[in-house]
Structures are given as structure tokens and as C-alpha cells.
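Per my numbering, the sequence shown starts with residue 1, numbered consecutively.
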Amino acid sequence: MRLCFLVEEQYRHDGMPVDVIRQLTAWGHRVDVLRPGSSLIALSETVRAGDHDAWVLKTVSGGPGLTLLEAASAVGLTTVNDARSIRGVRDKALAAVVGEARGLPVPVTYAAARAEEFAELPESLYPLVVKPADGSSGRAVRLVESPDRLPAPGDADTASGMLIAQPYVPNSGVDLKVYCVDGDLYATERRSPLHPEQPARERHVPLTPEVARIATEVGAVFGLDLYGVDVVLGPDGPVVVDVNDFPSFRRVPDAVARVAWAILRLAHAGGQQPGEFPAWPAPPAPPVLAVGGA
Ligand SMILES: Nc1ncnc2c1ncn2[C@@H]1O[C@H](COP(=O)(O)OP(=O)(O)OP(=O)(O)O)[C@@H](O)[C@H]1O
Ligand SMILES: [Mg+2]
């Protein structure tokens, strides 16, 4: 197959996606890498040429990568994940509204252009978690105990873009990160960035049926195939606080090969080829499957 990966500078040396690209290449597939934001891209030519079976996005929120992926999608090329689905979760405000409307357990969410506007919210909703709507990697996520502790006007972290605020869901300080690779679910525990007092331990844990059901539902609601769900276990049960397209898949067994295999399967399915592409685990010597060429 011929794949086009959009990889942002931040992930240039990360195992996810660099090792995935290496794995695909080792299996005999061709992978072209575009670096939106750090190199000149012959946009029209690349999209118009249409000589890739699928485009894959591994970029930060708010960067130019998603626009490129949307361009590829708009001219009918297959993308992994679906470009509109990625848009739906990269905006945390949009994701919260859609999640709630579709019955997912998400916190009540407020949006504002400036943090001081959250001072209008009743004190009973505090403590609040305030974060950028297009945030990632824990950037500028804050626990705000009371209205007088809201970030000051012009605060560098919160000065640009839309912000969201949610009541803090009381929890142990350890997140459940649930990863989904083409229908298969895995869970790990990791310290919440709001709880630096917790040990930095990270480990694979079994999934409860309830969390598995919620994580599967997240995929269906947002239309994602490769995704991660951040869950906190609150007093009333699991709550979804974030959904990420193409996350790190840290601690997922055989993550590189699984994700690479999933990309091939999804690219194959998107090309409307008959569904003969085998599911994971891959056969011992994975075949080099051709879709319309190499
Ligand atoms: N409403 C909430 N109640 C309790 N904890 C929350 C809430 N929202 C976020 N958190 C905590 O803050 C963490 C970071 O929030 P979020 O995932 O939205 O930001 P992020 O920038 O995407 O971070 P990351 O890339 O680490 O996932 C969550 O994993 C969770 O531990
Ligand atoms: Mg998150």
C-alpha cells in the first residue's frame, strides 16, 4: 500500500508514529511523510495526485495538519481516522456537547474566551478544571479552587483561543487511559496532571465491563477507529474527560505492530476493497497487500 503520514515536528522522534512508519516500511509498504508546519508542502499537487491509499494524521491540536487531512478527505481520499471525526474531538468544547447529547458520561461544560468570565458561574460548581478547548499534553490545564483563583486577564497560558471549564470530578488522582486500536481495547493507569502528589507510576490494568462499554461507545459516537479516552473514576462512576485521536498507545502490548496493522486494515476498508484483510493478530509473515498498486 501507499500511505501518506502527516507528522508534526513535536512527534518527529516519537515511537508513535516513527516506529509505526518503520514497521509499515519493513512490511513492504510505501510511506511518504509530510511535515506540516516545518516544511514546504506542494499542497494542491500532493492532494490532487491521489497516489496514496490512505492519509494518516499524527499532529498536535490546532496545527495545520488537520487542514491538510481534511483537504485529502474532501477530494475523496481515505483518511485514518476520519477527518471529520478528528475535528469532532480536537475541540474539547464540541466534544463535550456531542458527548453529552449522545448520552456519554461527560462533565457539564462551559466555554469562554477569557478565564475571568468563569467568575459568573455559581460557587457551588467550584473547584473547576479550566483548560484550552484545543489543548493537549496537559498544557494549561488548571484546577481552580474558587472564583478569586481564576487565571488573571492576559495570563500567558490562557490568553488565546477558547477556554472550557468543568466542575472537578472528585477522583483518586489516577486516570484511566483507555486505548482503542481498531476495536480492541486496552487500559492503563496514569497519574493525573492535577495530582502531582500521586506516584508517577504507570501500568496496564484490566478493563471493567462498564468502562469498556463507555470506551466502545465513544468510538461509535465520534466515529473514531484509533483513539484514546481519558476516564476519571468519580463518585457516580466513570466520567469521560477527554478523547484523543491517535494517542501514544503507551503500554499497549505490541503497540507498534498493532497500530501499523490497524492502519493497513482501515486503509483497505476505506478503499472499499472486499473485506479479506485479516484481523489482528497478524499472520507470522504479514503479507504485503496491494490496493491499486504497490
Ligand atoms: N472535569 C475534570 N475533573 C477531574 N479531572 C479532570 C477534569 N478534566 C480534566 N481532568 C484531569 O486533567 C487531565 C488533563 O485533562 P485533558 O485530558 O482534558 O487535557 P489534555 O491537555 O488533553 O491532557 P493529556 O494530553 O495529558 O490527556 C485529565 O487526564 C484528568 O486527570
Ligand atoms: Mg487528555
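Every residue, glycine too, gets a C-beta built ideally from N, C-alpha and C.
Residues in the same chain with beta-carbon distance under 8 Å from LEU207, minus the five sequence neighbours each way, listed in chain order, please.
VAL178, LEU185, TYR186, ALA187 and ALA215
Looking at the structure shown, is PHE118 part of a helix, part of a strand, or coil, going by DSSP?
helix
Which residues in the same chain as VAL69 place their Cβ atom closer than 8 Å to its Cβ, once the five residues preceding and following it in sequence are excluded?
For clarity, residue 69 is Leu in the given sequence; the question names Val instead. For LEU69, where only same-chain residues beyond five positions count, the Cβ hits under 8 Å are LEU6, TRP55, LEU57, THR79, ALA83 and ILE86.
What I want to know is whether the C-beta of GLY99 ends up closer than 7 Å to one or more non-hydrogen atoms of ligand 1.
no
Determine the closest residue to GLY138 out of ARG102, ARG114, VAL241 and ALA255, with distance taken between C-alpha atoms.
VAL241
Around the Cβ of ASP236, are there at least 16 other Cβ atoms within 10 angstroms (buried) or fewer (exposed)?
In this structure ASP236 is exposed. Its beta-carbon is surrounded by fewer than 16 other beta-carbon atoms within 10 angstroms.
On a Cα-Cα basis, can you pick out the residue from PRO36, ALA282, ARG251 and VAL205 that is closest to LEU264?
If you compare the alpha carbons of PRO36, ALA282, ARG251 and VAL205 with that of LEU264, the shortest gap goes to ALA282.
Tell me which residues pass a beta-carbon proximity test against ligand 2: closer than 6 Å to any heavy atom, given in chain order.
ASP230, ASP242 and ASN244
Could you tell me which of VAL174, LEU94 and LEU34 sits nearest to PRO238, measuring between CA atoms?
Closest by alpha carbon: VAL174.
Let me confirm a value: GLY228 is counted as buried when at least 16 other C-beta atoms fall within 10 Å, else exposed. Which label applies?
buried
Quick check: what's the CA-CA separation for GLU197 versus ARG191?
9 Å
Measuring only from the beta carbon, is LEU194 closer than 7 Å to any heavy atom that is part of ligand 1?
At least one heavy atom of ligand 1 sits closer than 7 Å to the Cβ of LEU194.
Between LYS92 and ligand 1, is there a pair consisting of the residue's CB and a ligand heavy atom that are separated by less than 7 Å?
yes
Report buried or exposed for GLU210, applying the criterion of at least 16 other Cβ atoms within 10 angstroms of its Cβ.
exposed
With DSSP run on the structure shown, which of helix, strand or coil describes ALA267?
ALA267: helix per DSSP, three-state reduction.
Which runs of the alpha helix (DSSP H), 4 residues or longer, sit entirely within the stretch 24-108?
43-49, 65-74, 83-90 and 92-101
Could you spell out the range, first to last residue, of the beta strand (DSSP E) harbouring ARG149?
It is not in any beta strand (DSSP E) - ARG149 carries neither H nor E in the DSSP assignment.
So does the stretch 144-155 actually touch the stretch 121-128, counting three or more Cβ pairs closer than 8 Å?
yes
Verify whether the separation of the beta carbon atoms of VAL108 and PRO167 is less than 8 Å.
Against a cut-off of 8 Å, the Cβ pair of PRO167 and VAL108 comes out as a contact.
Quick check on THR59: buried or exposed, where buried means 16 or more other Cβ atoms within 10 Å of its Cβ?
Answer is buried; the Cβ neighbour count reaches 16.
Are there any heavy atoms of ligand 1 lying less than 7 Å away from the beta-carbon of ASN81, as far as the coordinates show?
no
Should SER172 go down as buried or exposed, given a rule of 16 or more other Cβ atoms within 10 Å for buried?
exposed
For ALA257, does the three-state DSSP call read helix, strand or coil?
ALA257 falls in the helix class under three-state DSSP.
When the distance is taken between beta carbons, is VAL18 closer than 8 Å to LEU104?
No, the pair does not count as a contact, with Cβ atoms beyond the cut-off.
With burial defined as no fewer than 16 other Cβ atoms inside 10 Å of the residue's Cβ, what is the status of HIS13: buried or exposed?
exposed
Could you check whether the Cβ of GLN166 sits closer than 7 Å to any heavy atom belonging to ligand 1?
A distance criterion of 7 Å places the beta-carbon of GLN166 in contact range of ligand 1, judged by its closest non-hydrogen atom.
Could you check whether the Cβ of SER73 sits closer than 7 Å to any heavy atom belonging to ligand 1?
Flag unset: Cβ of SER73 not near ligand 1.
Please confirm whether any heavy atom of ligand 1 lies closer than 7 Å to the CB of SER136.
yes
Apart from the five residues just before and just after ARG258, which ones in its own chain have a Cβ nearer than 7 Å to its Cβ?
VAL181, VAL252 and TRP280
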